[in-house]
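In this note's numbering, the protein residues as written are 9 to 536.
In this text, a Cβ means the ideal position worked out from N, Cα and C, and glycines have one as well.
A quick write-up on the structure given underneath.
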Amino acid sequence: MSRITIDGDRFVVADTGESFVPVGVDYFDIVPVAGGFEDRVFSPAVFDEAQVTADFARLAEAGYTTVRMFMDSCGSGDACIGSSKGRGLNPEYLAVIAEVTRIARQQGLYLLLTSNDLPDQGGYWEESNKGASDQFAGYRNAHYLTAPGVAAAVRYWDDLMGGLEDADAAFDAILAWSILNEQWFFAGQPPLSLSSGVVTTANGHGYDLSDPEQKRAMTTDGIRYYIDQVASVIRVHDPDGLVTMGFFTPGFPNDTTIGDDRYVDTAPLVADSDLDFFDFHAYPGGDIDLAKMAENFGMVDYTARPIIMGEFGAFIDRYPKLDVAAWTLQTWVADSCDLGFDGWLHWAYVQAPRAIGDATWGLVDEDGLLLDALSPARRNPCSPADVRTADVAFHAPVRASRSLPAEPPEAAVDGGAAQWGSGADAPQWIEMAFPDGIDVGSIVLTIAQWPAGRTVHEIVATLASGRTVSLHRFDGPTADGDILEYRFPEPVTDVVAVRVTTTLSPSWVAWREIEIYGPDGGSEESAG
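Have a look at this one:
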């Protein structure tokens, strides 16, 4: 296979100069381990060559180009990446990684191989944590900012790359090596939590922690140095390979809870770092939109190097209907094109176990609905969404009697977790418009209410003739999260508007979601 290289802000095929677009998936095999779960796709005890080959072939047939995989998420045991017998790595595990690179080459796919963290075994973790002190909390802060932390990362990557060479890995099938899946510091631990004193980091520079600018420079300079050192050893083994690093959305300048107490600062790295391209992770349905995420990443009007969205997906608790999730993801990707993203990897090929708590829809769920919806062989990723949803109210024009600034009426028809809130007592109404006319077969209302109690809701349709028709009246005890559903005995035809008026409620009037289906649609089974 021809290697992929960089030409300005685009990927190109080295042999031909043709543009290359990384479109694909994150791929894992998450299995139960000691009361929890781990991705052990490369473990010799779990690896399924036939399944991986079949999955890669299915992706290639649909026009996908790239698969992102975690090299070291198998934590401990005889069949994980770190040696269970002493220092170093497990050659049997590395042989599986090498085999997967050859499968990818056979299927015409490129791999983005990422490290999630230092292995639990092999001595790397212990070496990295030798820099921990009152000034540098153990684990992430010490690993990235101290000399032992950087040295451990360099040794790990040297052993990893050398071991893959020995296993005859197909480096030509590697799009890039990702130093970290997601880089971040603990904001509430030293040195970030300290407000006085001077610390010296792995690069030999001292930083006054009483000065916010020096504290920010400490983290930026520290991770730049970490990148420089690790990228250098990667390029010794693979001079033609690309190097990247993953990041979730930073928490500023637009406030967001995406990272919780984890500190990320990508804007200075975008301006200057030794990465060949950037891997930013962004999921719809959060507390800030994609444009604000782009501002936080520092990528607005950036054209120096490519940027991919190495993780995106639809969390099932936010988007319980797969057709709505598919439309949302198509729109998310299309919107990202104008913001400077140059590639997209969907999280994930299969659905993670629900017990983990943050599962997204899998690409192959429900006979591959997303596989088809996002397929680059079928449509340009930057083109408008073309998934047809069963819910005809989805993103319909909508208005309301009144709304809170942060809870607009559009939130009741967006298929997500947000809600419309009037901010006032009953009576209040919300109305969906259908200028071309629809036939109504059923309506589904998801309650947003506190406290619980008796509510009354009147459903009225406006017909194309201008006549209004009372469709149904809900009257009874309700509580937050309840679902009210009514299927009409006969379809109501030529409807141009549907209004839901709440005339009685102990709560301010609000709706989490309003769904309207045609005679043949009905409410589809949800994921929950």
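Where do the N-terminal and C-terminal ends of the beta strand (DSSP E) with residue i fall, by residue?
{"i": "glycine 445", "result": "436 to 455"}
{"i": "glutamate 190", "result": "Note, glutamate 190: premise wrong, no beta strand (DSSP E); not H, not E."}
{"i": "tyrosine 494", "result": "491 to 512"}
{"i": "aspartate 15", "result": "12 to 15"}
{"i": "serine 186", "result": "182 to 186"}
{"i": "threonine 537", "result": "Coverage of the chain is limited to positions 9 through 536, which leaves residue 537 absent and any answer about it impossible."}
{"i": "threonine 476", "result": "476 to 486"}
{"i": "valine 21", "result": "18 to 21"}
{"i": "tyrosine 215", "result": "214 to 216"}
Can you determine whether any heavy atom of the ligand GDP sits closer than 7 Å to the C-beta of residue i, and answer yes or no?
{"i": "glycine 43", "result": "The model depicted lacks the ligand GDP and carries no ligand whatsoever."}
Would you call the CB atoms of residue i and residue j closer than 8 Å?
{"i": "isoleucine 89", "j": "methionine 77", "result": "no"}
{"i": "phenylalanine 179", "j": "arginine 270", "result": "no"}
{"i": "glycine 293", "j": "arginine 326", "result": "yes"}
{"i": "alanine 181", "j": "methionine 9", "result": "yes"}
{"i": "valine 207", "j": "proline 220", "result": "no"}
{"i": "glutamate 493", "j": "serine 478", "result": "no"}
{"i": "alanine 393", "j": "threonine 470", "result": "no"}
{"i": "alanine 408", "j": "alanine 419", "result": "no"}
{"i": "leucine 126", "j": "tyrosine 152", "result": "no"}
{"i": "isoleucine 315", "j": "threonine 264", "result": "no"}
{"i": "valine 421", "j": "phenylalanine 442", "result": "no"}
{"i": "phenylalanine 36", "j": "alanine 112", "result": "no"}
{"i": "tryptophan 369", "j": "alanine 312", "result": "no"}
{"i": "phenylalanine 320", "j": "histidine 354", "result": "yes"}
{"i": "valine 241", "j": "phenylalanine 256", "result": "no"}
{"i": "proline 405", "j": "serine 411", "result": "no"}
{"i": "alanine 161", "j": "tyrosine 234", "result": "yes"}
Please report the residue range of the alpha helix (DSSP H) in which residue i lies.
{"i": "leucine 379", "result": "373 to 381"}
{"i": "aspartate 228", "result": "The sequence shown places threonine at residue 228, not aspartate. Counting along the chain, the alpha helix (DSSP H) containing threonine 228 begins and ends at 220 to 245."}
{"i": "leucine 277", "result": "275 to 279"}
{"i": "aspartate 166", "result": "155 to 174"}
{"i": "tyrosine 118", "result": "Careful: tyrosine 118 lies outside any alpha helix (DSSP H), inside the beta strand (DSSP E) at 118 to 122."}
{"i": "tryptophan 519", "result": "Here tryptophan 519 belongs to no alpha helix (DSSP H); instead the beta strand (DSSP E) covers 518 to 525."}
{"i": "tyrosine 132", "result": "132 to 136"}
Within its chain, find whatever has a CB closer than 7 Å to the CB of residue i; leave out the 5 residues flanking it on each side and keep chain order.
{"i": "glycine 7", "result": "Not covered by the structure: residue 7. The range shown for the chain is 9 to 536."}
{"i": "threonine 252", "result": "Ala184, Ser186, Leu283, Asp284, Phe285, Phe286 and Asp287"}
{"i": "leucine 512", "result": "Ala434, Arg462, Thr463 and Val464"}
{"i": "leucine 102", "result": "Gly171, Leu172 and Ala175"}
{"i": "threonine 501", "result": "Asp447"}
{"i": "serine 531", "result": "Residue placement at serine 531 is poorly supported in this model, since its pLDDT is 46, which falls under 50; the coordinates still yield a value, given next. The residues are Ser450, Val452, Glu493, Glu523 and Tyr525."}
{"i": "alanine 398", "result": "Asp331, Tyr525, Gly529 and Glu532"}
{"i": "aspartate 373", "result": "Leu330 and Gln359"}
Please return the same chain residues whose Cβ sits closer than 8 Å to the Cβ of residue i, not counting the five positions on each side in sequence.
{"i": "leucine 347", "result": "Leu298, Ala299, Ala302, Met307 and Val308"}
{"i": "serine 204", "result": "Leu217 and Ser218"}
{"i": "valine 20", "result": "Ile12, Thr13, Ile14, Glu26, Ser27 and Phe28"}
{"i": "arginine 95", "result": "Gly130 and Gly131"}
Taking buried to mean at least 16 other C-beta atoms within 10 Å of its own C-beta, is residue i buried or exposed?
{"i": "aspartate 571", "result": "In the structure as shown, the chain starts at 9 and stops at 536, and residue 571 therefore has no counterpart that could be examined."}
{"i": "phenylalanine 50", "result": "buried"}
{"i": "glutamine 191", "result": "buried"}
{"i": "threonine 73", "result": "buried"}
{"i": "tryptophan 473", "result": "Here residue 473 turns out to be serine, not tryptophan, going by the sequence shown. Exposed, by the Cβ-count rule."}
{"i": "glutamate 12", "result": "According to the sequence displayed, residue 12 carries isoleucine and not glutamate. Result: buried."}
{"i": "threonine 24", "result": "exposed"}
{"i": "alanine 42", "result": "exposed"}
{"i": "glycine 212", "result": "exposed"}
{"i": "serine 92", "result": "exposed"}
{"i": "aspartate 248", "result": "exposed"}
{"i": "glutamine 129", "result": "buried"}
{"i": "glycine 536", "result": "Confidence at glycine 536 is low in this model, with a pLDDT of 30, below 50, so the placement of that residue should be treated as unreliable; the coordinate-derived value is given next. Per the 10 Å Cβ criterion, exposed."}
{"i": "threonine 510", "result": "buried"}
{"i": "arginine 520", "result": "buried"}
{"i": "asparagine 98", "result": "buried"}
{"i": "proline 361", "result": "exposed"}
{"i": "asparagine 388", "result": "exposed"}
{"i": "alanine 58", "result": "exposed"}
Under 6 Å Cβ to Cβ from residue i, same chain only, skipping five residues before and after it: list those, please.
{"i": "isoleucine 491", "result": "Thr454"}
{"i": "proline 527", "result": "Asp447, Gly449 and Pro499"}
{"i": "glutamate 533", "result": "No answer about glutamate 533 holds up, because its pLDDT of 37 lies below 50 and its placement is not dependable."}
{"i": "glutamate 100", "result": "Pro52"}
{"i": "asparagine 149", "result": "Phe193, Phe194 and Gln197"}
{"i": "phenylalanine 55", "result": "Val104"}
{"i": "glutamine 436", "result": "Ser409, Ser430, Thr510 and Val517"}
{"i": "alanine 68", "result": "Gln115, Gly116 and Leu117"}
{"i": "glutamine 143", "result": "Pro198, Pro199 and Val207"}
For residue i, would you say it is in contact with chain C, using Cβ-to-Cβ distances shorter than 8 Å as the test?
{"i": "glycine 449", "result": "Structure shown: chain C not included; a single protein chain is present."}
Worksheet item: At which residue ranges does the region 54 to 112 contain complete alpha helix (DSSP H) runs of 4 or more residues, listed in the order of the chain?
Response: 57 to 69
Worksheet entry | beta strand (DSSP E) runs contained entirely in the region 299 to 347, provided each spans 3 or more residues | 315 to 320
Worksheet entry | Within the region 350 to 416, ranges of the beta strand (DSSP E) (whole runs, at least 3 residues) | 352 to 355 and 406 to 408
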